[in-house]
Each structure stands twice: as structure tokens, then as C-alpha cells.
Amino acid sequence: MNPVIVSPDFTVEIPEDIRREVGLEPGQRVHVMVLEGHITIIPMRPMAEARGMLAGIDTSFEREEEDRF
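Okay, so the sequence shown: first residue is 0 according to numbering that gives the first Met the number 0, each after it adds one.
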């Protein structure tokens, strides 16, 4: 656990080892939310990183009419 200090303008510096572990880069956007009473920071990834993520997924099943686009 890495304790940090919240500045008067509510800025928090994320420790270097954590930034490195999650691949956080300067200027990268993050989601900040409360989950079960804890502040959670989730790095947003560029859409290009998601390319091919669903390759090979089984699309042969029949969807319900109301679920179709």
C-alpha cells in the first residue's frame, strides 16, 4: 500500500510503481468512481487497443428480435 497526500486542490499523485504497473502515461484519461466505499481509478484505453479483441467470438446464435439492431 502506498500512502499519498491529497493536496488543497484535491490533486493526488499516483506513485511511480503503480503508474508503471498499469501502464499509465502523462495526459492519459482515467475513470474515477466509488466502489464499495473506496475510490477507484481505472485507466481509459484508446479504442485502437480494443481492435481485434472479439476476433473468433461465436456469432452463430440467434438473438431475440428486441435485442437486434
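Beta carbons: idealized from backbone N, C-alpha and C, even for Gly.
Taking the Cβ atoms as the reference, P14 lies roughly 16 Å from Q27, outside the contact range of under 8 Å.
Annotation: P7 to R50 spans about 40 Å, alpha carbon to alpha carbon. Under the rule that a run must span 3 or more residues, the beta strand (DSSP E) segments found entirely inside the segment 23–64 read 29–34, 37–42. The straight-line gap separating the alpha-carbon atoms of H37 and V31 is approximately 10 Å.
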